[in-house]
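Heads up, the thing below is written out as structure tokens.
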Amino acid sequence: MTSPIFFSPSWAEAVGKALEAGPDEATLAGKLPEYWDFCNLIRYTYRSSWALGVRDLPAELGGGERYLVVAWGDGHVTDCRIVDGSETADATYVLAADFRDWKALHEGYDALRTVMYRKLLLERGDLLEFFKAIYFFVESLALIAKVPTSFPANAEALAPT
Numbered sequence: 592m593t594s595p596i597f598f599s600p601s602w603a604e605a606v607g608k609a610l611e612a613g614p615d616e617a618t619l620a621g622k623l624p625e626y627w628d629f630c631n632l633i634r635y636t637y638r639s640s641w642a643l644g645v646r647d648l649p650a651e652l653g654g655g656e657r658y659l660v661v662a663w664g665d666g667h668v669t670d671c672r673i674v675d676g677s678e679t680a681d682a683t684y685v686l687a688a689d690f691r692d693w694k695a696l697h698e699g700y701d702a703l704r705t706v707m708y709r710k711l712l713l714e715r716g717d718l719l720e721f722f723k724a725i726y727f728f729v730e731s732l733a734l735i736a737k738v739p740t741s742f743p744a745n746a747e748a749l750a751p752t
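Here is the structure:
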């Protein structure tokens with residue numbers, strides 16, 4: 592079975608399933624139980640949505656800019672789909688990164704560094720409120736990065752600087 596193409600509807604569906612399932616046992620074992628207790632507290636009280644954008648998509652992926660919209664409610668993913676930029680208006684937070692940074696994330700670049708080194712930038716939404724749930728967001732981003740995906744052969748990623 593082939594992996595879904597990056598930022599395709601089938602990839603968004605796989606992302607939704609991964610987010611719903613949460614981290615695997617190896618990931619859970621790598622951090623203190625109190626950390627995961629906090630992440631779960633946030634997850635089950637979180638009622639926000641993200642529009643996670645990718646800029647500079649290669650022509651093989653349709654070019655331009657697209658967003659993965661992820662909405663949360665009562666501890667579950669209530670929406671997970673790909674939209675264009677005009678459909679991000681209802682998202683609580685809009686963040687975006689260049690294609691090369693998304694590709695690097697999928698190739699193993701650290702999710703926390705992706706956020707903290709400003710590879711994925713908050714473009715719209717309350718910064719303070721967003722960072723109150725930053726650990727939950729970063730763990731969710733790490734789950735997204737683990738979803739198998741395929742990229743066009745000539746769509747090379749440059750290592751983030």
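Throughout, the working numbering is defined as the position within the sequence shown, counted from one, plus 591.
Where a beta carbon is used, it is the ideal one built from N, C-alpha and C, also for glycine.
Quantities reported herein were computed from a predicted structural model and do not represent experimental measurements.
**Request:** Just grab the DSSP bridge partners of aspartate 689 for me.
**Result:** Translated into the one-based positions of the sequence shown, residue 689 becomes position 98. Arg646, per the DSSP bridge assignment.
**Prompt:** Does the beta-carbon of phenylalanine 722 have 16 or more other beta-carbons within 10 angstroms, so that it is buried, or is it exposed?
**Reply:** Sequence index remark: in the sequence shown, residue 722 carries index 131 (1-based). So phenylalanine 722 ends up on the exposed side.
**Message:** Please return the same chain residues whose Cβ sits closer than 6 Å to the Cβ of threonine 669, not counting the five positions on each side in sequence.
**Reply:** In the sequence shown, residue 669 corresponds to position 78, counting from 1. The residues are Ala662.
**Message:** Taking 8 Å as the threshold (C-beta atoms), are valine 738 and alanine 609 in contact?
**Reply:** As a first step, residue 609 is located in the sequence shown; it is residue number 18 there, counting from the start. As a first step, residue 738 is located in the sequence shown; it is residue number 147 there, counting from the start. Yes, Cβ-Cβ distance for alanine 609 and valine 738 is below 8 Å.
**Message:** Can you tell me whether lysine 622 is buried or exposed? The criterion is at least 16 other CB atoms within 10 Å of its CB, across all chains shown.
**Reply:** Here residue 622 corresponds to residue number 31 of the sequence shown, with the count starting at 1. It is exposed - the Cβ of lysine 622 has fewer than 16 other Cβ atoms within 10 Å.
**Prompt:** Which residues mark the beginning and the end of the beta strand (DSSP E) in which leucine 718 is found?
**Reply:** Here residue 718 refers to the residue found at position 127 of the sequence shown. Per DSSP, leucine 718 belongs to no beta strand (DSSP E); it is in the alpha helix (DSSP H), 718 to 723.
**Message:** Given this structure, state the Cα-to-Cα distance separating alanine 744 from threonine 679, to the nearest angstrom.
**Reply:** Stepping through the sequence shown from its first residue, residue 744 is reached at position 153. Stepping through the sequence shown from its first residue, residue 679 is reached at position 88. Rounded to the nearest angstrom, the two C-alpha atoms are 29 Å apart.
**Asked** Whose C-alpha, out of Thr705, Leu643 and Asp701, is nearest the C-alpha of aspartate 681?
**Response** By 1-based counting over the sequence shown, the position of residue 681 is 90. Considering only alpha carbons, the answer is Leu643.
**Prompt:** For phenylalanine 690, which option in Gly664, Tyr708, Phe742 and Tyr684 has the closest C-alpha, if you only look at C-alpha atoms?
**Reply:** Taking the first residue of the sequence shown as 1, we reach residue 690 at position 99. Selected option, being the one with the closest Cα: Phe742.
**Item:** Neighbour-count burial assignment, tyrosine 626, 16 or more Cβ in a 10 Å radius
**Value:** One-based indexing of the sequence shown puts residue 626 at position 35. Answer is exposed; the Cβ neighbour count stays below 16.
**Asked** For the putative contact between phenylalanine 728 and arginine 634, defined by C-beta atoms under 8 Å, what is the C-beta separation to the nearest angstrom?
**Response** In the sequence shown, counting from the first residue as 1, residue 728 sits at position 137. In the sequence shown, counting from the first residue as 1, residue 634 sits at position 43. No, phenylalanine 728 and arginine 634 are not in contact; Cβ-Cβ is about 11 Å, not under 8 Å.
**Item:** Boundaries of the alpha helix (DSSP H) in which aspartate 628 is found, first to last residue
**Value:** Here residue 628 is taken as the residue at index 37 of the sequence shown, counted from 1. Aspartate 628 -> alpha helix (DSSP H) spans 624 to 636.
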